[in-house]
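Chemist: The structure is given below, and queries will be raised subsequently.
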């Protein structure tokens with residue numbers, strides 16, 4: 395024979411599985427990563443005591459100003475991210491909760507991911523060199539470029555590498571610096587033809603740029619809305635789609651002539 399439960403007891407009994415489920419979810423690992431603004435590096439200078447861009451086969455200019463590539467830092471692929479971590483960081487403007495697959499799409503373990511990111515960085519450096527020399531109409535058989543940037547992987551520094559090579563070799567094309575002496579940051583992939591591609595974590599990268607003194611941020615045009623979401627005060631967004639559009643915008647900023655696009 396079954397005894398009849400009172401309403402309060404029935405509610406309590408039904409609630410127990412829900413509470414147990416929530417308690418389990420709160421501590422169970424979830425397929426997310428938590429990201430924050432990462433390091434930046436001036437590609438015109440040194441990083442960890444090593445020159446980022448070294449040119450041989452052609453005279454290199456002495457430059458002023460900075461061209462800062464930007465990064466994000468994310469919890470590792472094997473880091474446990476719980477429901478509490480997600481809720482704790484969801485509403486912070488200096489954090490982003492991202493699907494783990496969007497941060498680490500290349501493998502299931504740390505070694506696979508590190509290998510993939512290193513390969514992407516090497517491909518990005520090759521494309522940056524090709525794009526810069528093609529833009530300057532210089533032969534890769536005579537001009538050699540060596541790029542070194544420790545502890546950074548992925549392709550998102552491509553645009554800044556390319557601009558750095560151009561500034562080292564040609565500046566603004568008329569004797570001045572491509573930066574105009576400014577601290578300019580940015581992000582974006584690049585291919586050998588000079589096309590700029592989108593990247594991830596732009597809103598966090600603008601915060602890293604501002605933190606490290608940048609006043610201008612070059613952003614792939616397709617990511618303008620993301621860049622504006624948490625844009626730090628005093629940081630000017632300049633959208634770009636190609637290497638030429640990036641150079642033209644920087645020259646216009648430097649000389650104070652011509653139009654400079656905005657998001």
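In my numbering, the protein residues as written are 395 to 657.
All C-beta atoms in this analysis are idealised placements derived from N, C-alpha and C, irrespective of residue type, glycine included.
1) Who are the near neighbours of residue 461 in its chain, counting only those whose CB is closer than 7 Å to its CB and skipping five residues on each side?
2) Specify the secondary structure class of residue 465 as computed by DSSP and reduced to three states.
3) Check residue 490 in the structure and name its three-state DSSP category.
4) Do the stretch 594-611 and the stretch 425-435 meet, that is, are 3 or more Cβ pairs less than 8 Å apart?
5) Please classify residue 456 as buried or exposed, where buried requires at least 16 neighbouring CB atoms within 10 angstroms.
6) Spell out whether any CB of chain B is found under 8 Å from the CB atom of residue 439.
7) Please tell me whether residue 475 and residue 426 are closer than 8 Å, where the distance is taken between their beta carbons.
8) Return the first residue and the last residue of the beta strand (DSSP E) that residue 561 is part of.
9) Classify residue 503 as helix, strand or coil using the three-state DSSP reduction.
10) So what does residue 426 bridge to, in DSSP terms?
11) Kindly indicate the opening and closing residues of the alpha helix (DSSP H) around residue 602.
12) How would you call residue 443, buried or exposed, if buried means at least 16 neighbouring beta carbons within 10 angstroms?
13) Assuming contact is defined by CB atoms lying nearer than 8 Å, are residue 743 and residue 635 in contact in what I supplied?
14) Answer with buried or exposed for residue 640, where buried requires no fewer than 16 other C-beta atoms within 10 angstroms of its C-beta.
15) Could you tell me which of 480, 550 and 544 sits nearest to residue 517, measuring between CA atoms?
16) Buried or exposed for residue 420, going by 16 or more other Cβ atoms inside 10 Å?
17) Any idea which residues DSSP pairs residue 485 with across the strands?
18) Taking only runs of the alpha helix (DSSP H) that begin and end inside the stretch 502-537, which ones reach a length of at least 4 residues, in chain order?
19) Grouping DSSP H, G and I as helix and E and B as strand, with all else coil, what is residue 479?
20) For the beta strand (DSSP E) containing residue 623, list its first residue and its last residue.
21) Closest to residue 642 by C-alpha separation, out of 575, 524 and 655, would be which residue?
22) On the three-state DSSP scale, how would you describe residue 589?
23) Beta-carbon within less than 8 Å of residue 618's beta-carbon, same chain only, minus the 5 sequence neighbours each way: which residues are those?
Modeler: Reading from the atomic positions:
1) 436, 437, 438, 554, 557, 558, 561, 573 and 578
2) strand
3) strand
4) yes
5) exposed
6) Among the chains of the structure shown, chain B does not appear; only one protein chain is present.
7) yes
8) No beta strand (DSSP E) contains residue 561, which is instead part of the alpha helix (DSSP H) from 552-563.
9) coil
10) 493
11) 596-605
12) exposed
13) In the structure as shown, the chain begins at 395 and stops at 657. Residue 743 is therefore absent and cannot be evaluated.
14) buried
15) 550
16) Low confidence applies to residue 420: its pLDDT is 49, below 50, so where it sits in the model is not reliable, and the reading given next is rough at best. Counting Cβ neighbours within 10 Å, residue 420 comes out exposed, since fewer than 16 surround it.
17) Partner(s): none; residue 485 has no beta bridge.
18) 504-530
19) helix
20) Note, residue 623: premise wrong, no beta strand (DSSP E); alpha helix (DSSP H) at 618-623.
21) 655
22) strand
23) 631, 633 and 657
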